[in-house]
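Protein chains: 2
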Amino acid sequence: MEPKIIRNKEEMRNWSRSMRAQGKTIGFVPTMGYLHQGHLSLIAEAQKHTQLIVVSIYVNPGQFAVNEDLSTYPSDFQGDIEKLKSIPKGVDVVFNPQNLYDYGDERGQPDVKMRQKDGEIVSCLEDDGRGIGHETWIRVEKLEKGMCGKSRPVFFRGVATVVAKLFNVIEPDVAVFGKKDYQQWRIIQRMVRDLDFAVKVIGSELMREEDGLAMSSRNVHLSPQERKQALSISRSLFEAKSAARKGKIICSELRKSVTESIEASGGKIDYVEIVDQESLETVDEIKNGVVMCVAAWFGKVRLLDNMEIDIS
Amino acid sequence: MEPKIIRNKEEMRNWSRSMRAQGKTIGFVPTMGYLHQGHLSLIAEAQKHTQLIVVSIYVNPGQFAVNEDLSTYPSDFQGDIEKLKSIPKGVDVVFNPQNLYDYGDERGQPDVKMRQKDGEIVSCLEDDGRGIGHETWIRVEKLEKGMCGKSRPVFFRGVATVVAKLFNVIEPDVAVFGKKDYQQWRIIQRMVRDLDFAVKVIGSELMREEDGLAMSSRNVHLSPQERKQALSISRSLFEAKSAARKGKIICSELRKSVTESIEASGGKIDYVEIVDQESLETVDEIKNGVVMCVAAWFGKVRLLDNMEIDIS
Numbered sequence: 001m002e003p004k005i006i007r008n009k010e011e012m013r014n015w016s017r018s019m020r021a022q023g024k025t026i027g028f029v030p031t032m033g034y035l036h037q038g039h040l041s042l043i044a045e046a047q048k049h050t051q052l053i054v055v056s057i058y059v060n061p062g063q064f065a066v067n068e069d070l071s072t073y074p075s076d077f078q079g080d081i082e083k084l085k086s087i088p089k090g091v092d093v094v095f096n097p098q099n100l101y102d103y104g105d106e107r108g109q110p111d112v113k114m115r116q117k118d119g120e121i122v123s124c125l126e127d128d129g130r131g132i133g134h135e136t137w138i139r140v141e142k143l144e145k146g147m148c149g150k151s152r153p154v155f156f157r158g159v160a161t162v163v164a165k166l167f168n169v170i171e172p173d174v175a176v177f178g179k180k181d182y183q184q185w186r187i188i189q190r191m192v193r194d195l196d197f198a199v200k201v202i203g204s205e206l207m208r209e210e211d212g213l214a215m216s217s218r219n220v221h222l223s224p225q226e227r228k229q230a231l232s233i234s235r236s237l238f239e240a241k242s243a244a245r246k247g248k249i250i251c252s253e254l255r256k257s258v259t260e261s262i263e264a265s266g267g268k269i270d271y272v273e274i275v276d277q278e279s280l281e282t283v284d285e286i287k288n289g290v291v292m293c294v295a296a297w298f299g300k301v302r303l304l305d306n307m308e309i310d311i312s
Numbered sequence: 001m002e003p004k005i006i007r008n009k010e011e012m013r014n015w016s017r018s019m020r021a022q023g024k025t026i027g028f029v030p031t032m033g034y035l036h037q038g039h040l041s042l043i044a045e046a047q048k049h050t051q052l053i054v055v056s057i058y059v060n061p062g063q064f065a066v067n068e069d070l071s072t073y074p075s076d077f078q079g080d081i082e083k084l085k086s087i088p089k090g091v092d093v094v095f096n097p098q099n100l101y102d103y104g105d106e107r108g109q110p111d112v113k114m115r116q117k118d119g120e121i122v123s124c125l126e127d128d129g130r131g132i133g134h135e136t137w138i139r140v141e142k143l144e145k146g147m148c149g150k151s152r153p154v155f156f157r158g159v160a161t162v163v164a165k166l167f168n169v170i171e172p173d174v175a176v177f178g179k180k181d182y183q184q185w186r187i188i189q190r191m192v193r194d195l196d197f198a199v200k201v202i203g204s205e206l207m208r209e210e211d212g213l214a215m216s217s218r219n220v221h222l223s224p225q226e227r228k229q230a231l232s233i234s235r236s237l238f239e240a241k242s243a244a245r246k247g248k249i250i251c252s253e254l255r256k257s258v259t260e261s262i263e264a265s266g267g268k269i270d271y272v273e274i275v276d277q278e279s280l281e282t283v284d285e286i287k288n289g290v291v292m293c294v295a296a297w298f299g300k301v302r303l304l305d306n307m308e309i310d311i312s
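Okay, structure coming up:
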């Protein structure tokens, strides 16, 4: 099925409202494009819940800091459309806006230099003025602090904000997020609860390549050697889970094994954490309802992976 | 007309959706109750734009700091209902939730003490745990900084957040805010633009008592003497506007006159500012599209007033 491609916010909302007026339910899968099997699994999950499916393809400058990889983020719009056409039952709409932050108003250009002087970190959106005067940001103040929030201080602010915008434009009944980005998924759930969005958020399982590597659009930037080395992440996570189940429940020890294993393969650790699945607070001993989360660099690529652990 | 009183979020949203499904448009006037003629003028404004009217009555703990007047904020629910019944065409729904931040979840209780240790300012919501685990806040980063933002650092964060919640629950087509709270009105406009809310925001003119005092629920706390002294605010604003039109366009001089006049009457100035009507940035000389804003204390009551000035 050929999806309808919509690039304009107004047209997008009008489509959703006309469908809702016909009693149809709408599922939404936000993506930054360069789709892989992981994305397609999110779409399949959404199809279980709603009659219609909207997929957004938008690389959001608001979630990249100026020193991050916005400019090299992979993209292949035509390839994405081909992939979407091939999936069973298909996708109804691809929402692919040019710039979600263009309000057609030159007045309120943010004073980026002034903020940078304060030592604050600024996103690509604010840096290049593409979001003309955009200054509203959603903060999920507690969940955003740990893990990825430490090394990417603008990231979750940018994600929560763009997701709220997309919810307001698309007005979906259900939205599906990948548990690959575990902290992001929990932050969106919390935001939806705290701001009373009328959207049901569903977390969809992390997908792995056959050799265990967590699927990610960024994997394309790994050299063949890095690709092999990066398998140490998933391998060490599986080992930690298995060790935990066998009674090795001291988190500091489990984290140490995973860290050493990844470093021995040439990876550079951003973090290895074992946290409560909901509060994302660190735990000292494995108990039910925890998740082990890893971020590590291989070459210029930062990879995420995680594993939920239940021991009963 | 007797308004329908709804206290539950789900029921509120269901009402709105069923009305929308019938093709009806919904206007929304958020209030903290203790209604006066100013509120009724907002409702009259809303009635010009939509077929149905929802008025919310909710004193939002998220916008009060712990040292502010949440506990003494005046309330008279039955009196409010009587006033609403008396207005022409009436109001369809009064949305009066018990606690907008109760998510029925004990887990995520915010760690207020930890935050206070950091020297951050905490709202009443976070202080007493009434918002169980609520941690998502909307910041309009530039507009929130000046004027009321300086002396009430949690205020606009709380206002933007509760308005977003109310929008998501009520799903109005139009929302009316009083220009009495000028900065608040501009912040809500900006938030709606930046987050793509499908709500048209309308600013409604400030209403004055016959003697010139800007209408406010807090006026009830003024002693008869303070009430008289407080007239210096509006009087000095009218004088400044008149002086500006006669060519006295140096803002520092106009601000000085207003400040002296209020202080001579026993008021304590929080701020006297002349700012651009949209960006709320201070201006040095009067030009078209500026507004003079005042916050001043008389006794224990903090009063706001403002005057838009155009000189052509």
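Chains E and Z, in that order, are what the protein sequence lines are.
Using UniProt numbering, the first residue of the first sequence is number 1, and each one after it goes up by one.
Using UniProt numbering, the first residue of the second sequence is number 1, and each one after it goes up by one.
Every residue, glycine too, gets a C-beta built ideally from N, C-alpha and C.
Check, Outcome
"Exposure of residue 63 of chain E, with buried meaning 16 or more beta-carbon neighbours within 10 Å", "buried"
"Boundaries of the alpha helix (DSSP H) in which residue 31 of chain Z is found, first to last residue", "Careful: residue 31 of chain Z lies outside any alpha helix (DSSP H), inside the beta strand (DSSP E) at 26-31."
"Among Z/67, Z/61, Z/69, Z/57, the one whose alpha carbon lies nearest that of residue 78 of chain Z", "Z/57"
"Helix, strand or coil at residue 76 of chain Z [DSSP, three-state]", "coil"
"CB contact check: residue 280 of chain Z to chain E, cutoff 7 Å", "no"
"Simplified DSSP assignment, three categories, for residue 310 of chain Z", "coil"
"Sub-7 Å separation of residue 25 of chain Z and residue 173 of chain Z beta-carbons", "yes"
"Option in E/143, E/42, E/12, E/52 with minimal Cα separation from residue 281 of chain E", "E/143"
"CB contact check: residue 142 of chain Z to chain E, cutoff 7 Å", "yes"
"Partners in chain Z for residue 197 of chain E, counting only beta-carbon separations shorter than 7 Å", "168"
"Segment limits, alpha helix (DSSP H) that includes residue 245 of chain Z", "231-245"
"Chain E residues whose Cβ lies nearer than 7 Å to that of residue 137 of chain Z", "139, 141"
"Candidates Z/68, Z/294, Z/87: closest to residue 43 of chain Z by CA position", "Z/87"
"Contact set for residue 307 of chain E: own chain, Cβ-Cβ below 6 Å, skip 5 residues either direction", "237, 241, 292"
"Boundaries (first-last residue) of the alpha helix (DSSP H) holding residue 59 of chain Z", "No alpha helix (DSSP H) holds residue 59 of chain Z; DSSP gives it neither H nor E."
"Residues that residue 190 of chain Z contacts on chain E, provided the C-beta gap is smaller than 7 Å", "135, 136"
"Proximity of residue 222 of chain Z and residue 214 of chain Z at Cβ, strictly below 7 Å", "no"
"Distance, residue 284 of chain Z Cα to residue 167 of chain E Cα", "41 Å"
"Alpha-carbon spacing of residue 176 of chain E relative to residue 95 of chain E, whole angstroms", "15 Å"
"Buried or exposed by the 16-neighbour rule on C-beta atoms within 10 Å, applied to residue 37 of chain Z", "exposed"
"Near-chain Z residues of the segment 11-40 of chain E (beta-carbon distance less than 8 Å), N- to C-terminal order", "13, 21"
"Minimum Cβ-Cβ distance from residue 186 of chain E to chain Z less than 7 Å", "no"
"Three-pair Cβ contact test at 8 Å for the segment 241-254 of chain Z versus the segment 137-151 of chain Z", "no"
"Distance CB(residue 232 of chain Z)-CB(residue 257 of chain Z) smaller than 7 Å", "no"
"Test: residue 44 of chain E CB closer than 7 Å to a CB of chain Z", "no"
"Three-state class that DSSP yields for residue 21 of chain E in the structure shown", "helix"
"For residue 264 of chain E: DSSP bridge partner residues", "None; residue 264 of chain E has no bridge partner."
"Segment contact, 8 Å Cβ cut-off, at least three pairs: the segment 267-278 of chain Z with the segment 153-160 of chain Z", "no"
"Beta strand (DSSP E) segment containing residue 6 of chain Z, residue limits", "4-6"
"Given residue 199 of chain Z as reference, the closest of Z/211, Z/50, Z/21, Z/65 once Cα atoms are compared", "Z/50"
"Residue 59 of chain E and residue 6 of chain E closer than 7 Å at C-beta", "no"
"Unbroken beta strand (DSSP E) run spanning residue 328 of chain Z, endpoints", "The structure shown does not extend to residue 328 of chain Z, since chain Z is modelled only from 1 through 312, so no value can be given for it."
"Partners in chain E for residue 150 of chain Z, counting only beta-carbon separations shorter than 7 Å", "Within chain E, no residue comes near residue 150 of chain Z; the closest Cβ sits about 16 Å away, beyond 7 Å."
"Whether residue 286 of chain Z touches residue 262 of chain Z by CB criterion (7 Å)", "no"
"Integer Cβ distance of residue 18 of chain E from residue 204 of chain E, believed to fall under 8 Å", "Their Cβ separation, rounded to whole angstroms, is 28 Å, which puts residue 18 of chain E and residue 204 of chain E out of contact at 8 Å."
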